[in-house]
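Quick notes on the structure that follows.
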Ligand SMILES: Nc1ncnc2c1ncn2[C@@H]1O[C@H](COP(=O)(O)OP(=O)(O)OP(=O)(O)O)[C@@H](O)[C@H]1O
Ligand SMILES: [Mg+2]
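Chains as they are written, first to last, in this note's numbering: chain A, 1 to 336; chain B, 337 to 564.
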């Protein structure tokens, strides 16, 4: 265990005209070195607030943020500026300098670090090659597409050789295709440079695509955290369940009966089990939804079944499925 | 009538007016630009430091500057001119003529310029400032490489407006012996009923403002990279 980021009892309260908003309530978690760590939550859950506390763009009301052994709130301004060079950040709206060329944008962090101009330019060109934009060096951000702008932002953030990369909804303004390519680029960066990446998102698909670990935020509270696989197979909290089931709730909101969500590793064959259930109990089992997802490399199956409207039978079926070591959750809220 | 002497006088008047306007704008920015930057930075929605103590200091600096600028801006220019005569005398040695007028012009222009600079800088995208902060940029770096660069189009438009306004003030200064075209317009057009002279000075003033305006707008458009 070698955590590069440790968050301890972090609280953040905003004062807004007399009333106060608790955007982070006693949040604690660790992020391992080299991990791709997701922070997921609905809009307003406090994700941006939390990630901005990780480089002190937002000052925590209380609690501690320890990055690479240093407690950020105890640093002087100068020390903090220095540590920030190790913590890159990319944003939903890219935040490039609009009046500067692509090359100058990538040179900017090097300029801050006092790197000589010629050297900075060479390094910037190299980084633009890495993100596939060397032909756009002389262009201005306004002339680029969203995906290209995010690539420039990524090249820029890599310029200072950060140890950590914070991404606040970095793909939320992009179409699915571009999202995939940006996430692919982030994974490459994680693998080639060993940079720890923190991914803030409201989309489970993004977490499933690249994250290894994930924390679920719900109204300023850390609802649960663990591996993406565990969250996918057995979400422990309502907040996590809501996020996982987006897109499937319409399917399961059907007639009577008990709906269950069954997860299984893609290799195991699931077909006979349903057939067996039907044969054994002589009752119908409906497949409302079935999908196989790629969760950082391994195939994970997901199925929503509608069990018979006979409570006793349904319960015994669930026990049977559980006996086969499948993840089974009853979706009470989604049947009506 | 418009004889040779008269034309020569108008040429000299134009030169004096331009001299006063450009010098006062230059000095106005010398004081107004740092004031405007300070206003933007120290404002609550500005670039807040992390330490509580510094935040307090910022709040005080903002309040003081804000009050000074507001007071200075609410004094009518003609009254300000008379008010600062001792200062003018101390600096220039006399209180009439073009060189002397630069002093009150500068004093009137600086707070007005400060406000324009402040509002130009406020237009800079917060996200870009935060991106710079996240890279470890300090305050000076942010001012120099982010605020002034990203706001340059708006700042240039501000310069254009400042030039036009100061030109107008300088003409007003003519009423109390300030020299330049305003002086000529009042002496010949008003006291001697030479309407033609007054008309010519007005035309020259209009043309000057037009030229300054066009140059300013052209430059700011040329320097703007936000359009594809
Ligand atoms: N500067 C601020 N002043 C006051 N309240 C704030 C401020 N920033 C955030 N909040 C409040 O804190 C809560 C969490 O906001 P935050 O932006 O962290 O949510 P989020 O999870 O990032 O949402 P989204 O997905 O919409 O970006 C919200 O209720 C928000 O209104
Ligand atoms: Mg957010």
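All C-beta atoms, glycine included, are put in the ideal place defined by N, C-alpha and C.
Identify the continuous beta strand (DSSP E) that holds residue 305(A) and give its terminal residues.
As a working mapping, residue 305(A) is identified with position 305 in the first chain. From DSSP, the beta strand (DSSP E) with residue 305(A) extends over 298-307.
Is it buried or exposed, residue 440(B), if we count other Cβ atoms within 10 angstroms and call 16 or more buried?
On the second chain, residue 440(B) is found 104 positions in, with the first residue counted as 1. For residue 440(B), the number of other beta carbons within 10 angstroms of its own is at least 16, and it is reported as buried.
Start-to-end residues for the alpha helix (DSSP H) that takes in residue 345(B):
Along the second chain, read from residue 1 onward, the residue named residue 345(B) stands at position 9. Residues 340-378.
Using the Cβ count rule (16 or more neighbours within 10 Å means buried), how would you classify residue 410(B)?
Position 74 of the second chain, counted from the first residue, corresponds to residue 410(B). So residue 410(B) counts as exposed.
Proximal chain A residues relative to residue 469(B), where beta-carbon distance stays under 8 Å
The residue labelled residue 469(B) in the question sits at position 133 within the second chain. The contacting residues are 57 and 84.
Tell me the rounded alpha-carbon separation between residue 489(B) and residue 363(B).
As a position in the second chain, residue 489(B) is number 153, starting the count at 1. As a position in the second chain, residue 363(B) is number 27, starting the count at 1. Straight-line Cα distance between these residues: approximately 20 Å.
Taking 7 Å as the line, does the beta carbon of residue 12(A) fall inside it for any heavy atom of ligand 2?
As a working mapping, residue 12(A) is identified with position 12 in the first chain. No, since every heavy atom of ligand 2 falls outside the 7 Å radius drawn around the Cβ of residue 12(A).
Helix, strand or coil at residue 252(A) according to DSSP, with G and I counted as helix:
Taking the first residue of the first chain as 1, we reach residue 252(A) at position 252. Its pLDDT being 47, under 50, residue 252(A) is placed unreliably by the model, and the measurement read from it follows with that caveat. Here residue 252(A) sits in helix by DSSP.
Bounding residues of the alpha helix (DSSP H) (the contiguous stretch that carries residue 48(A)):
Along the first chain, read from residue 1 onward, the residue named residue 48(A) stands at position 48. Residue 48(A) -> alpha helix (DSSP H) spans 47-53.
Considering residue 290(A), what are the terminal residues of the beta strand (DSSP E) in which it resides?
Mapped onto the first chain, residue 290(A) falls at position 290. For residue 290(A), the enclosing beta strand (DSSP E) stretches over residues 286-295.
Output yes or no for whether 8 Å exceeds the beta carbon distance between residue 162(A) and residue 200(A).
Position 162 of the first chain holds residue 162(A). Position 200 of the first chain holds residue 200(A). Between residue 162(A) and residue 200(A), the C-beta gap is not smaller than 8 Å, which leaves the two residues out of contact.
Within chain A, partners of residue 466(B) - CB distance below 9 Å
Within the second chain, the letter at position 130 stands for residue 466(B). Neighbours of residue 466(B) on chain A, chain order: 52, 57, 89, 91 and 95.
Along chain A, which residues have their Cβ under 9 Å away from the Cβ of residue 486(B)?
As a first step, residue 486(B) must be located in the second chain, where it is residue number 150. Within chain A, the residues whose beta carbon sits less than 9 Å from that of residue 486(B) are 97, 98, 99 and 100, listed in sequence order.
Taking C-beta to C-beta, are residue 123(A) and residue 133(A) nearer than 8 Å?
Residue 123(A) sits at position 123 when you count from the first residue of the first chain. Residue 133(A) sits at position 133 when you count from the first residue of the first chain. Cβ atoms of residue 123(A) and residue 133(A): not closer than 8 Å.
Tell me, please, whether the CB atom of residue 81(A) is closer than 8 Å to any CB atom in chain C?
The structure shown contains no chain C; its protein chains are A and B.
From this set, 119(A), 35(A), 60(A) and 287(A), which residue's C-alpha is nearest residue 352(A)'s C-alpha?
Summary: the structure shown does not reach residue 352(A), with chain A confined to residues 1 through 336, and so no result is reported for it.
Could you give the first and the last residue of the continuous alpha helix (DSSP H) run that contains residue 175(A)?
On the first chain, position 175 is the one that residue 175(A) refers to. Counting along the chain, residue 175(A) falls outside any alpha helix (DSSP H), and DSSP gives it neither H nor E.
Cross-strand partners of residue 11(A) (DSSP beta bridge):
The sequence position of residue 11(A) within the first chain is 11, counting from 1. The bridge partners DSSP lists for residue 11(A) are 62(A).
Please confirm if the segment 282-291 of chain A is in contact with the segment 213-227 of chain A, defined as three or more CB-CB distances below 8 Å between the two stretches.
By the Cβ rule, the segment 282-291 of chain A does not count as touching the segment 213-227 of chain A, because fewer than three pairs are nearer than 8 Å.
Name, please, each residue of chain A whose Cβ falls closer than 8 Å to the Cβ of residue 482(B).
The residue labelled residue 482(B) in the question sits at position 146 within the second chain. Contacts between residue 482(B) and chain A, judged by CB atoms closer than 8 Å, involve 97 in chain order.
Within 9 Å of chain B by C-beta, residues of the segment 191-219 of chain A in sequence order:
The segment 191-219 of chain A vs chain B, Cβ under 9 Å: nothing.
Beta-carbon distances below 6 Å to any heavy atom of ligand 1 define the shell here; list its residues in chain order, please.
That gives 14(A), 16(A), 21(A), 23(A), 41(A), 43(A), 44(A), 45(A), 46(A), 47(A), 48(A), 49(A) and 202(A).
According to DSSP, simplified to helix, strand and coil, what is residue 94(A)?
Your numbering for residue 94(A) matches position 94 in the first chain. Residue 94(A): coil per DSSP, three-state reduction.
Between residue 58(A) and ligand 2, is the CB less than 7 Å from at least one heavy atom?
Locating residue 58(A) in the first chain gives position 58, where the first residue counts as 1. For residue 58(A), the CB stays at least 7 Å from every heavy atom of ligand 2.
Do the segment 84-99 of chain A and the segment 464-471 of chain B make contact, defined as three or more Cβ pairs closer than 8 Å?
Result yes; three or more Cβ-Cβ pairs closer than 8 Å.
Count the C-beta pairs between the segment 512-521 of chain B and the segment 426-441 of chain B that are closer than 8 Å, then say yes if the count reaches three, no if not.
Yes, they touch.
Alpha-carbon to alpha-carbon, residue 139(A) and residue 475(B)
To locate residue 475(B), count along the second chain from 1; it is residue 139. To locate residue 139(A), count along the first chain from 1; it is residue 139. Straight-line Cα distance between these residues: approximately 27 Å.
Residues of chain A with CB closer than 7 Å to the CB of residue 563(B), please, in chain order.
Translated into positions along the second chain, residue 563(B) becomes position 227. Neighbours of residue 563(B) across chain A, judged by C-beta separation under 7 Å: 142.
Taking 8 Å as the CB-CB cut-off, is residue 342(A) touching chain B?
A question about residue 342(A) goes unanswered here, because the residues of chain A that appear run from 1 up to 336.
Check the DSSP bridge columns for residue 213(A) and list the partner residues they point to.
If you number the first chain from 1, residue 213(A) lands on position 213. Paired residue(s): 37(A) and 227(A).
So is residue 177(A) buried or exposed if we call it buried at 16+ other beta carbons inside 10 Å?
The count along the first chain starts at 1 and reaches residue 177(A) at position 177. Counting C-beta atoms within 10 angstroms of its own C-beta, residue 177(A) has fewer than 16 neighbours from the protein chains shown and is therefore classed as exposed.
By a C-beta neighbour count over all protein chains shown, 10 Å radius and 16 as the cutoff for buried, is residue 252(A) buried or exposed?
Within the first chain, residue 252(A) is the residue found at index 252, counting from 1. Caution is warranted here: a pLDDT of 47 is assigned to residue 252(A), below 50, making its placement in the model unreliable, and the coordinate value is therefore given only provisionally. Looking at its Cβ environment, which holds 16 or more other Cβ atoms inside 10 Å, residue 252(A) is buried.
So the alpha helix (DSSP H) residue 239(A) belongs to, where does it begin and stop?
Your numbering for residue 239(A) matches position 239 in the first chain. Unbroken alpha helix (DSSP H) run through residue 239(A): 238-244.
Using a Cβ cut-off of 8 Å, which residues of the segment 378-397 of chain B contact any Cβ in chain A, in chain order?
Residues are counted here when their Cβ sits less than 8 Å from a Cβ of chain A; for the segment 378-397 of chain B these are 385, 386 and 387, given in chain order.
Contact criterion: CB-CB distance below 8 Å. Does residue 160(A) meet it with respect to chain B?
Looking up residue 160(A) in the first chain gives position 160. Cβ-Cβ to chain B under 8 Å: yes for residue 160(A).
For residue 109(A), which residues in chain B fall below 7 Å Cβ to Cβ?
Here the question's residue 109(A) lines up with position 109 in the first chain. Neighbourhood of residue 109(A) in chain B, by CB distance below 7 Å: 471, in chain order.
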